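Participant: Just so you know, the sequence shown maps onto residues 4 to 502 in my numbering. Here it is, the structure, as structure tokens.
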Amino acid sequence: MRKSIGIEVGTDFIKVIVLNKLRGRIKIVKFLKESWDWKDNQDLPDSLQGILSQGKSPIYLSIPKSITFFRKVSFPFKSRKKILLTLPYEIQDCLPLPMEQLNFDFCIIGRRSPSPPPPLEGGENRGGGLRQEKNRTQVMVVAVSKEIIKKILNPFEKIGVKIPSLETSSTLLFNLCYPLLSREGSRPVDGMGGGKRGGGDFLLLNLDEKEAVFDIVQNKSLVESRSVSNQDEARLIQEILDTKKAFFGQRALEGIFLVGSASPALKDKLKEKLNAPVIHPDLTSIFKVSGSFNPEFSLALALSLKGFIHFPLRINLIEGSHPVDKMEKMVKKFLPKKNAFIFLGILFFLFILISPFFNLKKKEAEYRLLKEEIRQISKDIFPLLKGTLPLKELKRRLKLKGEGSEKIGLLLEKERSPLGTLKRVSNIIPKDLRIEVKSIAMDRKGLAIVANLSSLKEIDRLKEILQKSTYFEEIKVGETRLNKEKDIIEFSLNLKLCK
Numbered sequence: 004m005r006k007s008i009g010i011e012v013g014t015d016f017i018k019v020i021v022l023n024k025l026r027g028r029i030k031i032v033k034f035l036k037e038s039w040d041w042k043d044n045q046d047l048p049d050s051l052q053g054i055l056s057q058g059k060s061p062i063y064l065s066i067p068k069s070i071t072f073f074r075k076v077s078f079p080f081k082s083r084k085k086i087l088l089t090l091p092y093e094i095q096d097c098l099p100l101p102m103e104q105l106n107f108d109f110c111i112i113g114r115r116s117p118s119p120p121p122p123l124e125g126g127e128n129r130g131g132g133l134r135q136e137k138n139r140t141q142v143m144v145v146a147v148s149k150e151i152i153k154k155i156l157n158p159f160e161k162i163g164v165k166i167p168s169l170e171t172s173s174t175l176l177f178n179l180c181y182p183l184l185s186r187e188g189s190r191p192v193d194g195m196g197g198g199k200r201g202g203g204d205f206l207l208l209n210l211d212e213k214e215a216v217f218d219i220v221q222n223k224s225l226v227e228s229r230s231v232s233n234q235d236e237a238r239l240i241q242e243i244l245d246t247k248k249a250f251f252g253q254r255a256l257e258g259i260f261l262v263g264s265a266s267p268a269l270k271d272k273l274k275e276k277l278n279a280p281v282i283h284p285d286l287t288s289i290f291k292v293s294g295s296f297n298p299e300f301s302l303a304l305a306l307s308l309k310g311f312i313h314f315p316l317r318i319n320l321i322e323g324s325h326p327v328d329k330m331e332k333m334v335k336k337f338l339p340k341k342n343a344f345i346f347l348g349i350l351f352f353l354f355i356l357i358s359p360f361f362n363l364k365k366k367e368a369e370y371r372l373l374k375e376e377i378r379q380i381s382k383d384i385f386p387l388l389k390g391t392l393p394l395k396e397l398k399r400r401l402k403l404k405g406e407g408s409e410k411i412g413l414l415l416e417k418e419r420s421p422l423g424t425l426k427r428v429s430n431i432i433p434k435d436l437r438i439e440v441k442s443i444a445m446d447r448k449g450l451a452i453v454a455n456l457s458s459l460k461e462i463d464r465l466k467e468i469l470q471k472s473t474y475f476e477e478i479k480v481g482e483t484r485l486n487k488e489k490d491i492i493e494f495s496l497n498l499k500l501c502k
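Have a look at this one:
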């Protein structure tokens, strides 16, 4: 038996639904509502602590729309990786807090070409000769303050409960109604003609005692979400009318979905004012859930259903959740059970392809043979006392007496290496030239060094010192740039060894 827990955090309350699934049937096991104000750093209610202490079931949490920020942006590319990298720069100027103080996530809601602007009176076209943009990826961004998340999650962490998933009530409302959008959007719309289909324009409303959340849906995609006070019914209705006019104009809505604690009187008023069907769906029959259910717990039900159903909008405002989601997606995509042999075959092919680059044992054997050959050549040239290092003694004698032969030349050629050259470079650089080396790349042809010095004058001095050396055929100073924070010059140096 699998269990899933959905927890809706409201402005001053907390709602919980516990579901279990046995033999393909989902059943409501328990639901509760308690007063809880996360703003006052209160501990979790005892009844909720009792539920959370019963085993390690997946827990899904939502937060009110009123404490989150929604922004819609578009990009000329599809790659989620590119979007994730560029998104902070796109939205940082239109958010009330710096990006460092926010947790954010995004979902791709569509890819389309912007519609041409409608003509003005007299046939003139708005925008004149402005070039229309090509297809762009539409992205909905949700952000919330890290400080708020910390306050909400601290009581859970205090009792040893880790929350892996956190989203906002707006995306939750869209996910809850999505099956209904697909069903209603395929039907003829009243007043649009017998055979004409709707374009997927809806309003989704969730009402609790203090807050009303409504999502604006165009072409079955979430384009905006708003929250207003639910204390004044007349103001709420006027806000809904203004939103409908702003987003849909004179276009008729296909429907209004009403979930939560809605009164019959409000349902009738919305139907009259908006001239559109108002649907209060039976969620238990739609999602095939058995057990006693109160519509007031609609969002909590949607949260707990995430343990058994994959919803279209996947938002997670827990910091660091993106890599985990991507890894799970990659595993599911590339390692299904039926394709396990194909995956293993690809791994084996890649191993065969790259194994020559990692044949370390072979390289070690070659190094030992070369070292032994050098030792043998030096012994043939000079008889050495027992305990004397051949290579060191050979270099000393060559320097003192100038002796040499073909074998000595061969020995010196084999002895030359980038590491030895690096040691010699280190010896010729004066101690007063304080160079900070950041990285070194070596091969048999030369060295590539990235380092820091305090001024361009010191870089020129270093180059002059190296040019006087007989070790290098060519010396090039590459890219240089000023690091204003540390007041240093960063530069690259390429040294080509003499043949």
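Backbone N, C-alpha and C fix where the C-beta goes; we use that ideal spot for every residue, glycine too. Bear in mind the structure is a predicted one, so any value in this text is a computation, not a measurement.
Check each candidate in GLU236, VAL147, TYR474 and LEU485 and name the one with the smallest Cα separation from LEU100.
Facilitator: Among GLU236, VAL147, TYR474 and LEU485, the Cα nearest to that of LEU100 belongs to VAL147.
Participant: Within a Cβ cutoff of 6 angstroms, which residues of the same chain sit near LEU210, ignoring the five residues on either side of it in sequence?
Facilitator: So the list reads ASN233, GLY263, SER264 and ALA265, once near-sequence residues are dropped.
Participant: By Cβ distance below 6 angstroms, which residues in the same chain neighbour ILE282 in space, the five residues on each side in sequence not counted?
Facilitator: Excluding positions up to five away in sequence, the list reads GLY258 and PHE260.
Participant: So ILE431 packs on ILE468, CB below 8 angstroms; how close in whole Å?
Facilitator: Contact flag correct, Cβ pair sits at about 6 angstroms.
Participant: Check each candidate in SER173, GLU236, ASP235 and LEU239 and name the one with the smallest Cα separation from ILE219.
Facilitator: That would be SER173, whose Cα lies nearest to the Cα of ILE219.
Participant: So who's on the other strand from LYS75, going by DSSP bridges?
Facilitator: DSSP, once it has assigned bridges, lists MET143 as partnering LYS75.
Participant: In the structure shown, what three-state DSSP assignment does ARG83 receive?
Facilitator: Note: ARG83 maps to helix in three-state DSSP.
Participant: Should TYR63 be labelled buried (16 or more other beta-carbon atoms within 10 Å of its own) or exposed?
Facilitator: Buried, since its Cβ has 16 or more Cβ neighbours within 10 Å.
Participant: Hey, how far is the Cα of GLY13 from the Cα of PRO67?
Facilitator: Taking the straight line from one Cα to the other gives about 6 angstroms.
Participant: For a minimum of 3 consecutive residues, which ranges assigned as the beta strand (DSSP E) are wholly contained in the region 233-318?
Facilitator: You should have 258-263.
Participant: By how many angstroms is the C-alpha of PHE352 removed from the C-alpha of LYS161?
Facilitator: Distance between the alpha carbons of LYS161 and PHE352: 49 angstroms.
Participant: Below 6 angstroms CB to CB, which residues in the same chain sit around LEU169 once its five sequence neighbours on both sides are set aside?
Facilitator: Cβ within range, chain order: LEU64, LEU320 and ILE321.
Participant: Decide if the region 231-247 is in contact with the region 73-87; the criterion is three or more beta carbon pairs, one per stretch, under 8 angstroms apart.
Facilitator: Because the criterion of three Cβ pairs below 8 angstroms is not met, the region 231-247 and the region 73-87 do not touch.
Participant: Pick from ASN486, LYS489, GLY481 and SER7: whose alpha carbon is nearest that of ASN497?
Facilitator: Closest by alpha carbon: GLY481.
Participant: In whole angstroms, what separates the C-alpha of LEU244 from that of GLN253?
Facilitator: Rounded to the nearest angstrom, the two C-alpha atoms are 11 angstroms apart.
Participant: Considering only DSSP beta bridges, list what TYR63 is partnered with.
Facilitator: BP columns for TYR63 point to GLY9 and SER168.
Participant: Exposed or buried, SER301, counting other C-beta atoms within 10 Å across all chains shown (16 or more means buried)?
Facilitator: Answer is buried; the Cβ neighbour count reaches 16.
Participant: Determine the DSSP secondary structure at LEU22, reduced to helix, strand or coil.
Facilitator: Strand at LEU22.
Participant: Once you ignore the five residues that flank SER185 on each side, which residues in its own chain have a CB closer than 8 angstroms to its CB?
Facilitator: Excluding sequence neighbours, SER185 sits near LYS223.
Participant: Between which two residues does the alpha helix (DSSP H) harbouring ARG464 extend?
Facilitator: First-last of the alpha helix (DSSP H) with ARG464: 459-470.
Participant: Since I believe PRO48 is in contact with TRP41 (beta carbons under 8 angstroms), could you give me their beta-carbon distance rounded to a whole number of angstroms?
Facilitator: 12 angstroms between Cβ atoms; not a contact.
Participant: Excluding five sequence neighbours on each side, which residues of the same chain lie with their C-beta closer than 8 angstroms to the C-beta of PHE16?
Facilitator: Cβ neighbours of PHE16 beyond the five flanking positions: LYS36, GLU37, SER38, TRP39, ASP211 and GLU212.
Participant: Measuring alpha carbon to alpha carbon, tell me which residue in LYS460, SER457 and TYR474 is nearest SER429.
Facilitator: Minimum Cα distance to SER429 is reached at TYR474.
Participant: Please state the DSSP three-state secondary structure of LYS448.
Facilitator: Coil.
Participant: With distance defined between alpha-carbon atoms, name the residue in ILE438, ARG238 and LEU225 nearest to GLU214.
Facilitator: The shortest C-alpha separation from GLU214 is found at ARG238.
Participant: Using alpha carbons as the reference points, say which of LEU55, GLN45 and LYS6 lies closest to ILE31.
Facilitator: Closest option to ILE31, Cα to Cα, is LYS6.
Participant: Would a C-beta distance cut-off of 8 angstroms place GLY9 and ALA303 closer than the cut-off?
Facilitator: Yes, the Cβ-Cβ distance between GLY9 and ALA303 is below 8 angstroms.
Participant: Identify which residue in GLU103, GLU11, PRO91 and LEU465 has its Cα closest to the Cα of VAL440.
Facilitator: The shortest Cα separation from VAL440 among GLU103, GLU11, PRO91 and LEU465 belongs to LEU465.
Participant: Beta-carbon separation of ILE438 and LEU459 under 8 angstroms?
Facilitator: Not in contact: ILE438 and LEU459 (Cβ atoms no closer than 8 angstroms).
Participant: Can you give me the start and stop residues for the alpha helix (DSSP H) that GLY481 sits inside?
Facilitator: Per DSSP, GLY481 belongs to no alpha helix (DSSP H); it is in the beta strand (DSSP E), 475-486.
Participant: Quick one: measure Cβ to Cβ for PHE290 and LEU306, integer angstroms, because I've assumed they're closer than 8 angstroms.
Facilitator: Wrong, their Cβ atoms sit about 12 angstroms apart, outside the cutoff.
Participant: Determine the DSSP secondary structure at CYS97, reduced to helix, strand or coil.
Facilitator: In this structure, CYS97 counts as helix in the three-state DSSP scheme.
Participant: For a quick check, are the C-beta atoms of GLN104 and LYS149 less than 8 angstroms apart?
Facilitator: Taking 8 angstroms as the Cβ cut-off, GLN104 and LYS149 qualify as a contacting pair.
Participant: Return the CA-CA distance between LYS247 and LEU277, expressed in angstroms with no decimal places.
Facilitator: Each residue's alpha carbon lies about 8 angstroms from the other.
Participant: Taking the straight line between their C-alpha atoms, what separation do you get for SER288 and SER295?
Facilitator: Going by the C-alpha atoms only, they are around 12 angstroms apart.
Participant: If you compare alpha carbons, which of ILE166, GLN57 and CYS110 is closest to GLN141?
Facilitator: The candidate whose alpha carbon is nearest that of GLN141 is CYS110.
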